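What follows is a single structure, written as structure tokens, with notes after it.
In the working numbering, the protein residues as written are 18 to 269.
Take a look at the structure:
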């Protein structure tokens, strides 16, 4: 029997890029890891929090460092992300949160339900019940003409195929955005000048995030993935997977 890779039935994903010209990244990361993650993990229903990052090498060569960040908060269910306790924390941000959230204008945010999550059996024993070194994330739209269940059934055999070609692939998960939980008013952006965005209002299908977790830090070669996504009728819009290295985490 397969084991889920994500804890709980929902997750909050926050991702985007930050320029070294806009913020002191050392101070930003200190706040994010040592203040914001523990604060969120103190809220009932939050099970695990993980942070990832990736450098934009092209931008670095030009003298400006662009860092892409991804943060995942796994929760018991999507109602945790609209709960009284969560909204109380959002409505009463710490000084650090008041300082840094307005400096993250390009960040996107999605409160999601977990539609599918599976960890490979090879990584399911106790020694591997931890986070991988690398996370791949791709945002896409499942068209209205199909269902998320159809997408899940398409992803399952593809995951098996990808794992055969890339042995460090640990797990595969599919998140589906909950428009109500992601709506303005249910997140930090509602209280800090609207800086964290949400595309929950998108029309034409279900906004999803495909997550692939890897054991190694080098960007994996999953060449057949692009072919599968291009040929599948269950995925619409741009199909770009970005890879992030693990930075820090709290939770089992």
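All C-beta atoms in this analysis are idealised placements derived from N, C-alpha and C, irrespective of residue type, glycine included.
For clarity, every value in this text was computed on a predicted model and none was experimentally measured.
Between the Cα of residue 112 and those of 53, 137, 90, spot the shortest distance and give me the residue it belongs to.
Checking every option, the nearest Cα to that of residue 112 belongs to 53.
Whose CA, out of 49, 177, 171, 28, lies closest to the CA of residue 98?
Here the closest residue by C-alpha is 28.
Would you identify the three-state DSSP class for residue 193, choosing helix, strand or coil?
Three-state result, residue 193: strand.
State the DSSP-derived secondary structure class of residue 85, mapped to helix, strand or coil.
Looking at residue 85 - three-state DSSP - the assignment turns out to be strand.
Please classify residue 115 as buried or exposed, where buried requires at least 16 other C-beta atoms within 10 Å of its C-beta.
Exposed, because fewer than 16 other Cβ atoms sit within 10 Å of the Cβ of residue 115.
Please name the residue or residues paired with residue 230 in a DSSP beta bridge.
Paired residue(s): 152, 188.
Out of 103, 40, 95, point me to the one whose CA is closest to residue 60's CA.
If we check each option's Cα against that of residue 60, 103 comes out closest.
Can you give me the Cβ contacts of residue 86 inside the same chain, cut-off strictly under 6 Å, excluding the 5 residues immediately before and after it?
Correct list, in chain order: 70.
Is residue 246 closer than 8 Å to residue 153 when the C-beta atoms are compared?
No, the Cβ-Cβ distance between residue 153 and residue 246 is not below 8 Å.
Give the DSSP-derived three-state secondary structure of residue 137 in the structure shown.
DSSP places residue 137 in coil when its eight states are reduced to three.
With residue 95 and residue 128 assumed to form a contact (beta carbons below 8 Å), what rounded beta-carbon distance in angstroms separates them?
The pair is a contact, with the Cβ atoms about 6 Å apart (cut-off 8 Å).
Anyone know if the C-beta pair for residue 151 and residue 260 falls short of 8 Å?
Going by C-beta atoms, residue 151 is nearer than 8 Å to residue 260.
Per DSSP, which one or two residues make a beta bridge with residue 223?
Residue 223 pairs with 159.
What are the boundary residues of the beta strand (DSSP E) that includes residue 73?
Residue 73 -> beta strand (DSSP E) spans 63 to 73.
Select from 149, 109, 36, 156 the residue whose C-alpha is nearest the C-alpha of residue 193.
Among 149, 109, 36, 156, the Cα nearest to that of residue 193 is on 156.
Following the continuous beta strand (DSSP E) through residue 36, name the residue where it begins and the one where it ends.
Unbroken beta strand (DSSP E) run through residue 36: 27 to 36.
Buried or exposed: residue 101, going by 16 or more other Cβ atoms within 10 Å of its Cβ?
Exposed, because fewer than 16 other Cβ atoms sit within 10 Å of the Cβ of residue 101.
May I ask you to report which of helix, strand or coil DSSP gives residue 125?
Note: residue 125 maps to strand in three-state DSSP.
Which residues in the same chain have their Cβ closer than 6 Å to the Cβ of residue 164, if we skip the five residues on either side of it in sequence?
If we look at residue 164 and ignore the five residues flanking it on each side, it has no Cβ neighbours.
Run through DSSP, which three-state label would residue 267 get?
Strand.
What number of angstroms, rounded off, separates the C-alpha of residue 208 from the C-alpha of residue 174?
Confidence in residue 208 is poor, its pLDDT being 42 and thus under 50, which makes the residue's placement too unreliable to answer from.
Relative to the C-alpha of residue 25, which candidate in 40, 66, 88 has its C-alpha closest?
For the residues 40, 66, 88, the minimum Cα distance to residue 25 belongs to 66.
Does the beta-carbon of residue 139 have 16 or more other beta-carbons within 10 angstroms, so that it is buried, or is it exposed?
Classification for residue 139: exposed.
Which residue's Cα is closest to the Cα of residue 224: 126, 82, 177?
It is 126.
Pop quiz: residue 22 and residue 185 are said to be a contact at Cβ under 8 Å. What is the actual Cβ separation, rounded to whole angstroms?
No, residue 22 and residue 185 are not in contact; Cβ-Cβ is about 14 Å, not under 8 Å.
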